[in-house]
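Visitor:
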Amino acid sequence: MVNPWLAMASGTDPAERTRTVRRAHEAFLTEGALSSAVRPVVAESWRRSADARVAQERNAPIDLADDALDTYRADHPLARVMPLFRELLGTIAHDGAHLLAVCDEQGRLLWVEGHAGVRNQAERMNFVAGARWDESHAGTNAPGTALTVDHAVQIFATEHFNRSVQPWTCAAAPVHDPHTGRLLGAVDITGGDHLAAPHSLALVQATARAAEAQLGAGEPRARGPRISLTALGRDEALLVVDGRRLRLGRRHSEIMVLLAGHPEGLSGDRLTLELYGPRADDRSPVTLRAELSRLRRLVGPLLGSRPYRLCAPVSTDLADAAEALASGDAYTALRAYTGPLLPLSEAPGVCRMRRVLEDGLRRTVLSHGDPELLRRWAQTPWGEDDLEVAEALLTALPAHAPGRVVPAARVRRLRELYGLAGVAQHGDSAHNGSGAAHNGSGAAHNGGGAGPGDGAERQGSGHRDATSPQRGRG
12 MVNPWLAMAS GTDPAERTRT VRRAHEAFLT EGALSSAVRP VVAESWRRSA DARVAQERNA
72 PIDLADDALD TYRADHPLAR VMPLFRELLG TIAHDGAHLL AVCDEQGRLL WVEGHAGVRN
132 QAERMNFVAG ARWDESHAGT NAPGTALTVD HAVQIFATEH FNRSVQPWTC AAAPVHDPHT
192 GRLLGAVDIT GGDHLAAPHS LALVQATARA AEAQLGAGEP RARGPRISLT ALGRDEALLV
252 VDGRRLRLGR RHSEIMVLLA GHPEGLSGDR LTLELYGPRA DDRSPVTLRA ELSRLRRLVG
312 PLLGSRPYRL CAPVSTDLAD AAEALASGDA YTALRAYTGP LLPLSEAPGV CRMRRVLEDG
372 LRRTVLSHGD PELLRRWAQT PWGEDDLEVA EALLTALPAH APGRVVPAAR VRRLRELYGL
432 AGVAQHGDSA HNGSGAAHNG SGAAHNGGGA GPGDGAERQG SGHRDATSPQ RGRG
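Start counting the sequence shown at 12; every next residue gets the next number (the working numbering).
1) To the nearest angstrom, how far is the alpha carbon of V123 from that of L345?
2) Closer than 8 Å is the cut-off here; do at least three beta carbon pairs connect the region 111-127 with the region 86-93?
3) Below 8 Å on the Cβ atoms is my contact criterion, and I expect P178 with A157 to pass it. Report the Cβ-Cβ distance as a whole number of Å.
4) Give, in chain order, every unbroken run of the alpha helix (DSSP H) that is at least 4 residues long and sits entirely within the region 351-387.
5) Expressed to the nearest angstrom, what Euclidean distance is found between the alpha-carbon atoms of A54 and R135?
6) Let me know if G438 comes out buried or exposed under the rule of 16 or more other beta-carbons within 10 Å of its beta-carbon.
7) Apply the 10 Å Cβ neighbour rule to R84 and answer buried if 16 or more other Cβ atoms are within range, or exposed otherwise.
8) If you follow the beta strand (DSSP E) that W16 is part of, which residue opens it and which one closes it?
9) Which value, in whole angstroms, describes the spacing of the CA atoms of A153 and S316?
10) Determine the DSSP secondary structure at V422, reduced to helix, strand or coil.
11) What whole-angstrom Cβ distance do H190 and P72 have, given they're in contact under 8 Å?
12) Quickly, what does DSSP pair Y319 with across the bridge? List them, please.
13) Using only alpha-carbon positions, find the residue among G279, D81, S21 that is nearest to L299.
14) In the DSSP assignment, what residue or residues form a beta bridge with Q216?
15) From the DSSP secondary-structure annotation, give me the bridge partner or partners of I200.
16) Are L214 and I266 closer than 9 Å when you measure CB to CB?
17) Could you check whether the Cβ of L194 sits closer than 8 Å to any heavy atom belonging to the ligand GTP?
18) Taking only three categories from DSSP, how would you classify E116?
19) Based on the DSSP secondary-structure assignment, which residues constitute the bridge partners of F167?
20) Going along the chain, which residues of its own chain have a beta-carbon closer than 6 Å to the beta-carbon of H379, five neighbours each way excluded?
21) Leaving out the 5 sequence neighbours to the left and right, which residues in its chain are closer than 6 Å to P508 when beta-carbon positions are compared?
22) Using the three-state DSSP reduction, which class does L431 fall into: helix, strand or coil?
23) Since L95 and A104 are thought to touch, with beta carbons under 8 Å apart, how far apart are those beta carbons, to the nearest angstrom?
24) According to the Cβ coordinates, are A133 and T180 closer than 9 Å?
25) Report yes if the CB atom of W16 is closer than 9 Å to the CB atom of Q165, and no otherwise.
26) Please classify V252: does DSSP put it in a helix, a strand, or coil?
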């Protein structure tokens, strides 16, 4: 069986493969059709890239620079294993015609190292430290796609969605916290066609595993199992118990999030209300008991009853973000916030928890008036249609700063979208208009949903837009 994560089968002619995929790429862009010659992992990534309306020629945006970049990566967990990355991949990167790159869990490149000549070429497409290379900003690429699918992958030449990246080939593997299972980022090697060989994928996979082992050895073992629940920006939560990863279904995700948020436990009636709200009927308690029975088969003694509760400490990404927010550490809170809580959930209790965290984080970002915090929020799928944040960013930037161009264009676009093009942008009327625009930007702020007039369905790390050009489903 052919390994679906490898770019090419052994003996494939790279030049012919490049031409075949290029034709398929053009057909997808013009007709929405997907050829069987395109690997499924690439085809799905192209669909996601098209849904996010990734530009065909535009470079990836710079998300961090200068002191902000230095501070951020110094505090990042992967900084601890950079010496290992350099030991295993750095030498061959400097000696060969490729680069070593490490990104965080949101696709921000933190380190890009290797031969100076190759780095200079990569800089032309903003493959540099501080740039955002997740799929929603840069399209199909190895580090961005590896983060999305949570698996090591090669992306070969014309498999890249963005044409400006198609001269390159890359292989990347995700790196996780070995205790909690939380995604920390990815390690990548980028260069020419020679990286499409199987050894490059095996190399980054082995490097990622070695990094996880080193991270695991660096902390003393606590008594009892380590249990974590990751639910921000995910439609299905990830439960990790002592390194064993379990992806929960949507209803089980909602139950686990609610119980983690109520460590004192919930009665059956209260849990029914938190899950079903006004939609509850005489059958709801029976349905809930069946769901809890199935969940207990998955998680065992972790799930207790009378009241329903979690019988061991469970760390959650929701709590991490909330604690940082409560302590006033907006940067840490924003880094921990990888998207709305279970964005497709309509359970009233989950919607309330989602709204409280997002509202609190958004108000904190606005009250700080820090251009870097505002820019980070404005560049997220849940913040890109937020007029109040866009105007606050524009106000926070110096009058002649080159960085005003993009936020100024966004403000103009959003004011037209919300019918405020003729309204003054300063004073009370502007604040009223901005606030209305944010509320009108849909249930993305109140639990995910459609933005005004664009038919968008926001799902934490990206969105689908029904008004985008035709895209086939192959």
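All residues carry an ideal CB built from backbone N, CA and C; glycine is no exception.
Since the model is a prediction, treat every value here as computed from it, not as a measurement.
Guide: Taking the definition as stated:
1) Position 112 of the sequence shown, counted from the first residue, corresponds to residue 123. Position 334 of the sequence shown, counted from the first residue, corresponds to residue 345. If I take the Cα positions, the gap works out to 23 Å.
2) yes
3) Along the sequence shown, read from residue 1 onward, the residue named residue 178 stands at position 167. Along the sequence shown, read from residue 1 onward, the residue named residue 157 stands at position 146. Their Cβ separation, rounded to whole angstroms, is 20 Å, which puts P178 and A157 out of contact at 8 Å.
4) 359-379
5) Start at 1 with the first residue of the sequence shown, and residue 54 comes out as number 43. Start at 1 with the first residue of the sequence shown, and residue 135 comes out as number 124. Roughly 26 Å separates the two Cα atoms.
6) As a first step, residue 438 must be located in the sequence shown, where it is residue number 427. Model confidence at G438 stands at a pLDDT of 40, short of 50, so the residue's coordinates are unreliable and nothing is read from them.
7) Translated into positions along the sequence shown, residue 84 becomes position 73. By the neighbour-count rule (16 or more Cβ atoms within 10 Å), R84 is buried.
8) Taking the sequence shown and counting its residues from 1, one reaches residue 16 at position 5. Run containing W16: none; DSSP gives neither H nor E here.
9) Residue numbering aside, residue 153 sits at position 142 when the sequence shown is read from its first letter. Residue numbering aside, residue 316 sits at position 305 when the sequence shown is read from its first letter. Approximately 44 Å between the Cα atoms of the pair.
10) The count along the sequence shown starts at 1 and reaches residue 422 at position 411. Residue state, collapsed to three classes: helix.
11) What you label residue 190 is simply residue 179 of the sequence shown in a count that begins at 1. What you label residue 72 is simply residue 61 of the sequence shown in a count that begins at 1. The pair is not a contact, with the Cβ atoms about 32 Å apart (cut-off 8 Å).
12) Here residue 319 is taken as the residue at index 308 of the sequence shown, counted from 1. BP columns for Y319 point to L277.
13) Your numbering for residue 299 matches position 288 in the sequence shown. When only C-alpha atoms are compared, the closest one is G279.
14) Within the sequence shown, numbered from 1, the residue matching residue 216 stands at position 205. Paired residue(s): none; Q216 is not in a bridge.
15) Taking the sequence shown and counting its residues from 1, one reaches residue 200 at position 189. Per DSSP, L111, A182.
16) Taking the first residue of the sequence shown as 1, we reach residue 214 at position 203. Taking the first residue of the sequence shown as 1, we reach residue 266 at position 255. Cβ distance not < 9 Å, so L214 and I266 don't count as in contact.
17) Looking for the ligand GTP in the displayed structure turns up nothing, as the structure carries no ligands at all.
18) Counting from 1 along the sequence shown, the entry for residue 116 is found at position 105. Coil at E116, not helix or strand.
19) Walking along the sequence shown from the start, residue 167 turns up at place 156. DSSP output for F167 lists T180 as bridge partner(s).
20) In the sequence shown, residue 379 corresponds to position 368, counting from 1. A341.
21) Nothing in the structure corresponds to residue 508, since the chain is present only between 12 and 485.
22) The sequence position of residue 431 within the sequence shown is 420, counting from 1. Note: L431 maps to coil in three-state DSSP.
23) Residue mapping note: residue 95 aligns to position 84 of the sequence shown, counting from 1. Residue mapping note: residue 104 aligns to position 93 of the sequence shown, counting from 1. No, L95 and A104 are not in contact; Cβ-Cβ is about 14 Å, not under 8 Å.
24) Working through the sequence shown from its first residue, we reach residue 133 at position 122. Working through the sequence shown from its first residue, we reach residue 180 at position 169. No, the Cβ-Cβ distance between A133 and T180 is not below 9 Å.
25) Residue 16 sits at position 5 when you count from the first residue of the sequence shown. Residue 165 sits at position 154 when you count from the first residue of the sequence shown. Cβ distance < 9 Å, so W16 and Q165 count as in contact.
26) Indexing the sequence shown from 1 puts residue 252 at position 241. Looking at V252 - three-state DSSP - the assignment turns out to be strand.
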